[in-house]
Amino acid sequence: KSGLSVGEKASIWMYGKVWALSRKWFTHIFLFLIIAAYSLLGGFLFHTIEGRAEQKNVIDIIQHRKDRNTMVRILLDSNLLRLHLQLKSHQEEALRQDIEGANRRRKEVIHHLEKNLKLALKMMKRKSWSFINAVIYCLTVITTIGYGHIAPVTTTGRALTIAYSIIGIPLFLLLLADFGKLFTRSIKFLWAFVRRVYYTGSCKKVRRTAPVQEVMKGVQMVYDMALLRRPSQMQSDNPEGGNQVPPMTPASPALSAFAVDDEFNLPITVAIVILLIYIFMGAAVFYIWETDWTFFDAFYFVFISMSTIGFGDLVPANQMYMMASIVYLAFGLALTSMCINVVQEKLSDTFRQASAKIGATIGLKVCEDDGTVEPASPTHVEIAEVHK
Numbered sequence: 001k002s003g004l005s006v007g008e009k010a011s012i013w014m015y016g017k018v019w020a021l022s023r024k025w026f027t028h029i030f031l032f033l034i035i036a037a038y039s040l041l042g043g044f045l046f047h048t049i050e051g052r053a054e055q056k057n058v059i060d061i062i063q064h065r066k067d068r069n070t071m072v073r074i075l076l077d078s079n080l081l082r083l084h085l086q087l088k089s090h091q092e093e094a095l096r097q098d099i100e101g102a103n104r105r106r107k108e109v110i111h112h113l114e115k116n117l118k119l120a121l122k123m124m125k126r127k128s129w130s131f132i133n134a135v136i137y138c139l140t141v142i143t144t145i146g147y148g149h150i151a152p153v154t155t156t157g158r159a160l161t162i163a164y165s166i167i168g169i170p171l172f173l174l175l176l177a178d179f180g181k182l183f184t185r186s187i188k189f190l191w192a193f194v195r196r197v198y199y200t201g202s203c204k205k206v207r208r209t210a211p212v213q214e215v216m217k218g219v220q221m222v223y224d225m226a227l228l229r230r231p232s233q234m235q236s237d238n239p240e241g242g243n244q245v246p247p248m249t250p251a252s253p254a255l256s257a258f259a260v261d262d263e264f265n266l267p268i269t270v271a272i273v274i275l276l277i278y279i280f281m282g283a284a285v286f287y288i289w290e291t292d293w294t295f296f297d298a299f300y301f302v303f304i305s306m307s308t309i310g311f312g313d314l315v316p317a318n319q320m321y322m323m324a325s326i327v328y329l330a331f332g333l334a335l336t337s338m339c340i341n342v343v344q345e346k347l348s349d350t351f352r353q354a355s356a357k358i359g360a361t362i363g364l365k366v367c368e369d370d371g372t373v374e375p376a377s378p379t380h381v382e383i384a385e386v387h388k
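Right under this line is the structure:
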């Protein structure tokens with residue numbers, strides 16, 4: 001490398017960094033891009049299929065209202081013409097007043113019908129199956145939230161929903177599990193950093209003490225088993241009883257020499273507190289966005305959505321807010337997966353430690369790899385020779 005120029009060295013260094021980063025984050029980015037592309041593809045398909053049916057339905061409704069308005073006008077004009085004919089034949093003042101009243105009501109009815117028609121046309125322009133709404137629908141399907149604010153009406157759209165969910169839901173569950181583990185590692189790193197600074201007053205990474213602690217636990221367990229199995233021998237070795245062997249427990253380290261273990265299980269309370277903070281922050285944001293919602297309504301919407309119940313009784317009115325809510329809920333589901341991982345790790349460790357203690361008590365050995373149980377190797381006992 002001595003013959004390379006500075007630019008070539010920088011290019012090689014940058015390529016190595018990019019390659020290392022891509023190897024480290026490849027799975028996360030790849031799954032995210034797959035879900036994004038799958039959502040966009042589904043949005044295009046549903047926008048094409050359901051959008052055409054919706055447009056045809058809108059045209060039929062508008063034509064029906066136009067025909068109704070035309071019929072009402074014909075009836076009003078015929079009624080007005082009949083009154084005019086009666087006026088020519090009788091020339092009565094009361095009849096003239098009836099004609100003026102009918103003419104006034106005719107104008108009011110026609111104005112009301114035209115206003116309703118314009119409002120209907122304006123509402124019809126807000127398509128339920130726009131591309132953005134179709135993408136939102138796809139995201140609600142694969143996340144299993146399913147608000148129900150829009151739903152396919154065609155047989156083709158419903159069949160496509162079944163096929164789309166069969167492929168999309170497992171993909172999203174893979175992404176959820178992957179990002180849940182990523183969040184778990186990230187929060188573990190942050191929590192380890194806080195513990196390290198709190199106990200050592202330094203930001204530098206210290207040595208790991210987990211292997212030493214595990215060895216000391218194993219030595220202590222063997223010593224306890226020896227005390228239980230051969231109490232008489234222990235007492236014979238110490239006839240006076242005043243020189244007993246102390247338990248082999250590691251001394252508590254001083255605060256200045258404390259070494260934080262980076263390979264630990266995140267406390268369940270910390271994971272739950274982080275999830276609650278995330279929920280309340282989301283509720284506060286939706287409370288600000290949706291002016292007609294109370295804070296409890298916003299909290300209710302976030303909880304029902306993150307629990308994937310998704311009643312659909314409360315949904316954001318704005319399309320961009322709706323898209324932002326789907327992204328927020330996707331990360332929220334990943335945080336929920338993180339909490340589940342933390343609880344699972346805690347339960348697994350508790351069960352493994354309990355199994356090891358019970359196995360050691362009854363003389364069985366539990367393998368940590370596959371969880372199989374096998375008899376423990378018997379303790380070798382030396383028998384002293386009998387002198388005649």
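Note that full-length UniProt numbering numbers the sequence shown so that position 44 is 44, with each residue one more than the last.
Glycine is no exception: its CB is placed at the ideal position from the N, C-alpha and C atoms.
Predicted, not measured: the structure shown is a model, and the values here were computed from it.
Chain-order list of residues whose beta-carbon lies under 8 Å from that of residue i (same chain, five-residue window excluded)
i: residue 453; result: Absent from the model: residue 453. The displayed extent of the chain is 1 to 388, so no value can be given.
i: Leu171; result: Leu31, Ile34, Ile35, Tyr38 and Ile142
i: Ile187; result: Leu266, Val270, Ala271, Ile274 and Met338
i: Val6; result: none
i: Phe44; result: Phe131 and Ala134
Separation of residue j from residue i, as counted between CA atoms
i: Pro239; j: Thr361; result: Low local confidence applies: a pLDDT of 49 at Pro239 is under 50, so the model's placement there is unreliable, and no value is given.
i: Ile145; j: Ser130; result: 20 Å
i: Met320; j: Phe46; result: 19 Å
i: Leu311; j: Val302; result: Note on residue identity: the sequence assigns Phe, not Leu, to residue 311. Their backbone Cα atoms lie some 11 Å apart in a straight line.
i: Met323; j: Ile35; result: 15 Å
i: Thr294; j: Tyr287; result: 6 Å
i: Thr155; j: Glu50; result: 10 Å
i: Leu173; j: Ile274; result: 21 Å
i: Tyr198; j: Ile358; result: 36 Å
i: His112; j: Asn318; result: 29 Å
i: Trp25; j: Gly157; result: 36 Å
i: Ala159; j: Ile74; result: 45 Å
i: Trp191; j: Gly282; result: 23 Å
i: Ile169; j: Thr200; result: 45 Å
i: Lys181; j: Ala298; result: 28 Å
i: Ile62; j: Arg104; result: 26 Å
i: residue 409; j: Phe189; result: Outside the modelled stretch of the chain, which goes from 1 to 388, sits residue 409, for which no answer is possible.
i: Leu40; j: Ala134; result: 9 Å
i: Lys346; j: Arg196; result: 21 Å
i: Trp13; j: Thr48; result: 47 Å
i: Leu335; j: Val194; result: 20 Å
i: Asp60; j: Lys66; result: 10 Å
i: Gln55; j: Lys115; result: 21 Å
i: Thr350; j: Asp313; result: 42 Å
i: Arg68; j: Phe296; result: 44 Å
i: His64; j: Lys107; result: 21 Å
i: Ser348; j: Arg185; result: 17 Å
Minimum C-alpha distance to residue i - residue among the options
i: residue 445; options: Val6, Ala354, His28 and Arg352; result: This structure cannot speak to residue 445, because the chain is shown only from 1 to 388.
i: Ala284; options: Arg105, Tyr300 and Val270; result: Tyr300
i: Ile279; options: Ile162, Val109, Ile12 and Leu333; result: Leu333
i: Ile309; options: Trp25, Gly148, Ser5 and Trp13; result: Gly148
i: Asp178; options: Asp349, Asp297 and Ser337; result: Ser337
i: Ala163; options: Ile340, Cys138, Val153 and Arg352; result: Cys138
i: Asp292; options: Trp13, Met281, Pro316 and Gly282; result: Pro316
i: Val343; options: Gly43, Ile268 and Arg185; result: Ile268
i: Pro152; options: Val6, Leu175 and Ala53; result: Ala53
i: Phe109; options: Thr70, Ala134 and Thr140; result: Correcting the residue type first, residue 109 is Val in the shown sequence and not Phe. Checked all of Thr70, Ala134 and Thr140; the closest Cα to Val109 is Thr70.
i: Ile340; options: Gln55, Lys66, Leu176 and Trp13; result: Leu176
i: Ser307; options: Lys66, Asp60 and Thr140; result: Thr140
i: Ile167; options: Gly42, Arg68, Lys115 and His64; result: Gly42
Integer Cβ distance of residue i from residue j, believed to fall under 8 Å
i: Ser305; j: Leu329; result: 5 Å
i: Ile326; j: Ile132; result: The Cβ separation is near 11 Å, so there is no contact.
i: Ile150; j: Ser128; result: 5 Å
Close Cβ partners of residue i (< 7 Å) along its chain, the five nearest in sequence each way excluded
i: Gln233; result: Per-residue confidence for Gln233 stands at a pLDDT of 48, beneath the threshold of 50, marking its modelled position as unreliable; the derived number appears in the next sentence. Cβ neighbours of Gln233 beyond the five flanking positions: none.
i: residue 442; result: Absent from the model: residue 442. The displayed extent of the chain is 1 to 388, so no value can be given.
i: Thr161; result: Val141 and Pro152
beta-carbon residue i near the ligand ATP non-hydrogen atom, thresh 7 Å
i: Glu54; result: Looking for the ligand ATP in the displayed structure turns up nothing, as the structure carries no ligands at all.
Residue-level contact to chain D via CB, residue i, 8 Å cutoff
i: Ala283; result: Included in the structure is just one protein chain, with no chain D present.
Cβ shell of residue i (< 6 Å), same chain only, five flanking positions each side left out
i: Trp289; result: Tyr321
i: Arg352; result: none
Quiz item: What are the uninterrupted segments assigned as alpha helix (DSSP H) that are 4 or more residues long and contained completely in the segment 110-197, given in chain order?
Solution: 131-142
Practice problem: Counting only runs of 4+ residues fully inside the UniProt domain "Potassium channel" (274-347), write out the alpha helix (DSSP H) ranges in chain order. | Solution: 295-306
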